[in-house]
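Written below as structure tokens is the structure these notes are about.
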Amino acid sequence: MLKHILTDRSLTVINKGRAHVMTSDHPSFNDAIDAVKIGDEEKVNRLFDIGAAIEDYSEENVEVKDGIVRYKGKPIHNVVVDKILGFMREGAPFEPMIRFLNKLMENPSRRATKELYSFLEHKNMPITPEGNFLAYKGVREDYTDHYGGTFDNSVGQSHEMPRNNVCDDKDVGCSEGFHAGSYDYASSFGSGHTMLVEVDPRDVVSIPSDCRYQKLRTCKYSVVAIATKVEDKEYTDAYVGDEQDLIPVGLADVPVAAVMNN
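In the numbering used here, each residue's number is its place in the sequence shown (first place is 1) plus 533.
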């Protein structure tokens, strides 16, 4: 076992006469403890080098310093943070994910914020350069909504309602609010069109548990394109440019920065 000192607040490893300290708010703290216990020196060295591999960066209320992501000075740990750190290590453009995180943390609903993490990760929703995300919406042949036929969902249209008019109970399936979701959900209505819509993370109110968590309710969205076909291959952690398969075929003009996947 490697020489080390472990407390509730930090892990200190002695390697080649030098002390390396990792605090408990570090994203790799638990992994480092496990690596020390089994004597995996290579992994320990790699984990303790995370700060050197990731440059300090800040934008609005999100700051990355010494390999730790903070929002308004408080360390945060979630799937979005993991994506940000992963992109930074790989030298990939990470700024859209920072913007997404800033917006997500501004969502007034803690539950909606938490639910949205899993929804985006498992449904492979693309993130735009501005930090919004893309989802799908099924509409009628005349581009109006399936429920009441009153909202025009032609490309370029935007719709908004007061947030407190949207149902925030995830256990209620069909209720008030604008609905969008995965491609499978949106294209399951059997007729009409499937539209690609852009949603600001701040505007998401709930992720209903029916339909296998494939849809969401929001108080605002914009229609950006008609989705005609989706590639069969799974999305990957790449960026639009060389990897046009990240977005629906025929929609290469829709700017996408990254994809949340598991």
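Virtual Cβ for every residue (Gly too), placed ideally from N, Cα, C.
Bridge partners - residue i, DSSP secondary structure assignment
i: residue 666; result: 660 and 732
i: residue 646; result: For residue 646, which the question treats as bridged, DSSP gives no partner whatsoever.
i: residue 556; result: 543
i: residue 703; result: In DSSP, residue 703 forms no bridge with anything.
i: residue 590; result: 597
i: residue 570; result: The partner list for residue 570 (beta bridge, DSSP) is empty, contrary to what the question assumes.
i: residue 677; result: 685
i: residue 753; result: 693
i: residue 671; result: 727
Coil, strand or helix - residue i by DSSP
i: residue 535; result: coil
i: residue 651; result: helix
i: residue 758; result: strand
i: residue 725; result: coil
i: residue 548; result: strand
i: residue 711; result: strand
i: residue 601; result: strand
i: residue 737; result: strand
i: residue 613; result: helix
i: residue 696; result: helix
i: residue 691; result: strand
i: residue 745; result: helix
i: residue 629; result: helix
i: residue 624; result: coil
i: residue 606; result: coil
i: residue 639; result: coil
i: residue 561; result: coil
Whether residue i touches residue j by CB criterion (8 Å)
i: residue 719; j: residue 754; result: no
i: residue 671; j: residue 725; result: yes
i: residue 602; j: residue 635; result: no
i: residue 669; j: residue 630; result: no
i: residue 693; j: residue 752; result: yes
i: residue 757; j: residue 730; result: yes
i: residue 589; j: residue 597; result: yes
i: residue 555; j: residue 604; result: no
i: residue 539; j: residue 566; result: yes
i: residue 632; j: residue 600; result: no
i: residue 699; j: residue 750; result: yes
i: residue 628; j: residue 592; result: yes
i: residue 659; j: residue 666; result: yes
Original post:
So does the segment 671-680 actually touch the segment 735-748, counting three or more Cβ pairs closer than 8 Å?
Top reply: no
Subject >> Cβ contact check for the segment 693-711 and the segment 725-739: 3 or more pairs under 8 Å >> reply: yes
Subject >> Given 8 Å, three or more beta-carbon pairs between the segment 601-617 and the segment 558-572 >> reply: Yes, they touch.
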